[in-house]
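*Asks:* One structure is given below, represented as structure tokens, and several questions about it will come after.
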Amino acid sequence: MRWWVSIGAAVAVVTAAGMVAGLAAPNRTAPIADRSDGAKEVDVELILAVDVSYSMDVDELAVQREGYAEALRSPDFLKTLKTGPNGRIAVTYFEWAAAGDQKIILAWQLIDGPESADAVAAEIMKAPLRRASRTSISGAIAFAVPLFDQNPYHGLRRVIDISGDGPNNNGEPVTLARDAAVGKGIVINGLPIMVKEPSYSTMDIENLDYYYEDCVIGGPGAFVVTIKDRAKFKEAIHTKLVMEVAGLPPPARIVPAADKEQTPRVSCLAGEKIWQDRWGR
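See below:
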């Protein structure tokens, strides 16, 4: 099942629910390590993990950056921020490509209002755009997990937000990395980018949204927001960020592959197979 929701709908649900983020916070699959070490309490520790593989063109990379920056500065986001019991979140932003290629653009920072949100958005926008080879969603997840224990904040929820335009084709199988993260009480949400027709030359697959639903996301209330129209790029990022901060399950909850008995609709090794067929290694 795929899920789409408009920004207006997301904000309306948040507004109607009031303190819903606080109600959703205890929904974990495993206990998070005790952080009674003076760590500052936040509603969510949010990792934004952004694909910069060569299949992403420069315009897409620029719009993706702008989308996150604008979402963080938006009145909807700032209003949603205050629906949680603490009224603040911690966020870090990194770019990824191959299994050993991750670059932190924004170290962990607190967002508790317009000024801090603006500072975070400005930090994200000032870094030079870059592109790199291969696509390792598993590498991005594996890189993200220890970041939660390397920051001075203690979140009621821990969320990895993965965006990308292709399947895993490098590193360990994505399902292994996903299941390891979910086992630590982490939620993984997805933003599959499907604005171009699938192309053999760019390692694309059809139904990338199914792939993300069945192979990438996981944890209680995990969801996918799909981008199929370049003009809706920023809107989709905005919608997903608002929902993540609110801690709301999607209207029609997607059950991650880890909770299913049926075979995934798209092979979770699709990217690896394409690479093997094409390059023989």
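Residue numbers (mature numbering (1 follows the signal peptide of the UniProt record, and there is no 0)): -24 to -1, 1 to 257.
Even for Gly, the Cβ is constructed at its ideal location relative to N, Cα and C.
Being a predicted model, the structure only gives us computed values, none of them experimental.
1) Could you check which residue in 117, 186 and 163 has the C-alpha nearest to that of residue 152?
2) Tell me whether residue 30 sits in a helix, a strand or coil according to DSSP, three-state version.
3) Three or more C-beta pairs under 8 Å: does that hold for the region 54 to 70 against the region 198 to 206?
4) Our contact map puts residue 170 next to residue 190 with C-beta atoms below 8 Å; I'd like the distance itself, whole angstroms only.
5) Please give me, in chain order, every unbroken run of the alpha helix (DSSP H) with length at least 4 that falls completely inside the region 124 to 168.
6) Please classify residue 125: is it buried, with 16 or more other beta-carbons within 10 angstroms of its beta-carbon, or exposed?
7) Can you tell which of 243, 242, 67 and 31 has its C-alpha closest to the C-alpha of residue 18?
8) Can you tell me whether residue 93 is buried or exposed, with buried defined as 16 or more other CB within 10 angstroms of its CB?
9) Between which residues of its own chain and residue 110 is the CB-CB distance below 7 Å, once the five residues before and five after are set aside?
10) Straight-line CA distance for residue 249 to residue 90?
11) Report the three-state DSSP secondary structure of residue 82 (helix, strand or coil).
12) Mark residue 25 as exposed unless 16 or more other C-beta atoms lie within 10 angstroms of its C-beta, in which case mark it buried.
13) Measure from the alpha carbon of residue 41 to the alpha carbon of each residue in 96, 85 and 158, then state which is nearest.
*Replies:* This is what the structure holds:
1) 117
2) coil
3) no
4) Residue 170 to residue 190, Cβ: 15 Å. No contact.
5) 150 to 158
6) exposed
7) 67
8) buried
9) 29, 73, 74, 145 and 146
10) 46 Å
11) strand
12) buried
13) 96
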